[in-house]
Amino acid sequence: EKEEEQRRLKKQEEKKEKKRVQEALAVQLREVAIQRRTEALRLMSVLLARAAET
Numbered sequence: 001e002k003e004e005e006q007r008r009l010k011k012q013e014e015k016k017e018k019k020r021v022q023e024a025l026a027v028q029l030r031e032v033a034i035q036r037r038t039e040a041l042r043l044m045s046v047l048l049a050r051a052a053e054t
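Everything in the sequence shown is counted per the UniProt record's numbering, starting at 1 for the first residue and increasing by one.
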């Protein structure tokens, strides 16, 4: 009875931990995507500026 309860609690904890990890990964992926977009925009503005010079 008690062991069953402990197993259930452990499973619940593992589920929560997995969810936390997934959320953390999602945040990191979003940050990377934003950085890439920012890089791309910076590159485009540099290229446009060069094109405007000629």
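Even for Gly, the Cβ is constructed at its ideal location relative to N, Cα and C. Please read all numbers here as calculations on a predicted model, not as lab measurements.
Tell me the residue span of the alpha helix (DSSP H) that contains Thr38.
One-based indexing of the sequence shown puts residue 38 at position 38. Counted as a single uninterrupted DSSP element, the alpha helix (DSSP H) harbouring Thr38 occupies residues 2-53.
Could you name the residues of the same chain whose beta carbon sits closer than 8 Å to that of Lys10, not counting the 5 residues immediately before and after it, in chain order?
On the sequence shown, residue 10 is found 10 positions in, with the first residue counted as 1. So no residue of the chain qualifies.
What's the gap between the Cα of Leu48 and the Cα of Thr38?
For the purposes of this step, residue 48 is taken as the residue at position 48 of the sequence shown. For the purposes of this step, residue 38 is taken as the residue at position 38 of the sequence shown. When rounded, the distance between both Cα atoms is 15 Å.
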